[in-house]
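Numbering (this note's numbering), first residue to last: 1189 to 1635. Report on the structure given below.
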């Protein structure tokens, strides 16, 4: 009877051990398209996106310096680096768990079970390890450490994009301020001539009021642009861990070349480069290993130890122990496994979502670049046609065939077109910035 009971216990232990050793099913694959829906502008060869200094194509020394300053001073990046150190420390803690521990005990005891040793001093090394569980924990922690590195790279990408966007917005607003000031000047001149015509009874009052209202709109725009310039400059100071203040912009926005190099990297290449995709995959790997670590509770635990020391009554003390143990009946373990599997399933769908979001973002960016490029070209064409028309108006004015209002109307039209071109150019450049951010460009260029 005793032998049968022993065999039953051993059989149950073997089944639990096999259950604990059973691995997690590998994650499912995600269907990736072979190419982007829009490839009209992505005609260049595939580039090494991680090491690509995409902002240098604008040939702006101040922008390059601001990028360098942000990556060396930004607090968010320092926080991310600290999280890497934390993850590395956790990995080292797991690695050190493979080593035995050495503890000590000193004091006085009269326990009969110990033979009444009296004064006692012991050193007792112990080695208690569940080999499979510790191995899986190390795998999980290593994946989390690598994921923290990819998270840091994602922070770099975001900071590069935010710095470039803030800089270009500040430049464009500074350009727009000059254009609005010129528009205000031309509107004031037109108002001057309209007043003379009104006083002469040549135009009704509502024409005069309409021009005054247009001037008020321009004045309001000027005040708002000054506010936006201050915000953009303060954003650049914030990104570089500096106090708010003035920032002298050395480049004219009109002098920037809006044409950009659009990489020809296909979707799979982009996904392999994007840190957020790699981070999501590593988190999923860590979750897989964690599920197996929880299951490994059923795997036997090795317990080795000895007691070495001396006592006042018995002299030297030397004891040894070796055994294996593990849970035989612990229903809570099954709930822990269920929880780990549920977390693993959630991370799998997060992994799929990150991939889908990455594909969506890049496809949208290519569409935006195409749309803003076409918009800028149309505005430039409209400017050329308006300039030709205004040249004819000025010629007729010089020959006395037009009144003084006509050239001013042309000047105001040109001012407004220049403003539209400036805004369209900014939208195109920001589309380039967002595209490179979503491609995962430049995070490893500066180290």
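C-beta: ideal position from N, C-alpha, C; glycine also.
| Item | Value |
| --- | --- |
| Using the rule of at least 16 other Cβ atoms within 10 Å of the residue's Cβ for burial, across every protein chain shown, is residue 1224 buried or exposed? | buried |
| So, helix, strand or coil for residue 1313, using DSSP? | strand |
| Could you compute how far the alpha carbon of residue 1505 sits from the alpha carbon of residue 1327? | Confidence at residue 1505 is low in this model, with a pLDDT of 49, below 50, so its placement is unreliable and the value that follows should be read with caution. About 40 Å. |
| Could you tell me if residue 1417 is buried or exposed, where buried requires 16 or more neighbouring beta carbons within 10 angstroms of its beta carbon? | buried |
| Taking 7 Å as the cut-off, decide whether the C-beta atoms of residue 1279 and residue 1330 are in contact. | yes |
| Please state if the CB of residue 1478 and the CB of residue 1534 are separated by a distance shorter than 7 Å. | no |
| Taking the alpha helix (DSSP H) that residue 1533 belongs to, which residues open and close that run? | 1519-1586 |
| Which residue's Cα is closest to the Cα of residue 1446: 1613, 1553 and 1250? | 1613 |
| Which residues bound the alpha helix (DSSP H) around residue 1159? | With the chain running from 1189 to 1635 in the structure shown, residue 1159 is simply not present. |
| With a threshold of 16 other CB atoms inside 10 Å of the CB of residue 1473, please say whether the residue is buried or exposed. | buried |
| Write down the C-beta distance between residue 1630 and residue 1348 rounded to the nearest angstrom, noting that I regard them as a contact closer than 8 Å. | 5 Å |
| Between residue 1288 and the rest of its own chain, which residues show a CB-CB distance below 7 Å, the 5 nearest in sequence each way excluded? | 1313, 1314 and 1315 |
| Residues in the same chain with beta-carbon distance under 7 Å from residue 1462, minus the five sequence neighbours each way, listed in chain order, please. | 1546 and 1628 |
| Are at least three pairs of beta-carbons, each pair with one atom in the segment 1397-1407 and one in the segment 1372-1382, less than 8 Å apart? | yes |
| Find out if the Cβ-Cβ distance for the pair residue 1321, residue 1484 is shorter than 7 Å. | yes |
| Between 1519, 1608, 1392 and 1581, which has its C-alpha nearest residue 1361's C-alpha? | 1608 |
| With distances taken from CA atoms, which of 1344, 1373 and 1351 is nearest residue 1599? | 1373 |
| When you compare only the Cα positions, how much space is there between residue 1354 and residue 1605? | 24 Å |
| Between which two residues does the alpha helix (DSSP H) containing residue 1226 stretch? | First-last for residue 1226: undefined, no H or E at that position. |
| Ends of the alpha helix (DSSP H) at residue 1439? | It is not in any alpha helix (DSSP H) - residue 1439 carries neither H nor E in the DSSP assignment. |
| Just checking, does the segment 1452-1459 make contact with the segment 1233-1253 on the three C-beta pairs under 8 Å criterion? | yes |
| In chain order, what residues of the same chain lie with their CB nearer than 7 Å to the CB of residue 1620, ignoring the 5 residues before and after it? | 1448 and 1557 |
| Could you give the residue range of the alpha helix (DSSP H) that holds residue 1394? | 1393-1427 |
| Report all residues from its chain with a CB closer than 6 Å to the CB of residue 1271; omit the five preceding and five following residues, and keep chain order. | 1336 |
| Relative to the C-alpha of residue 1319, which residue among 1488, 1559 and 1554 is closest? | 1488 |
| With DSSP run on the structure shown, which of helix, strand or coil describes residue 1603? | helix |
| Spell out the partners DSSP gives residue 1289 in its beta bridges. | 1314 |
| Only counting the same chain, and skipping five residues up and downstream in sequence, which positions put a Cβ closer than 8 Å to that of residue 1255? | 1243, 1348, 1351, 1352 and 1634 |
| Tell whether a beta-carbon distance below 7 Å holds between residue 1441 and residue 1568. | no |
| With DSSP as the reference, label residue 1262 as helix, strand or coil. | coil |
| What's the C-alpha gap between residue 1190 and residue 1460? | Interpretation of residue 1190 is limited by its pLDDT of 45, a score under 50 that renders its predicted location unreliable; no figure is taken from the coordinates. |
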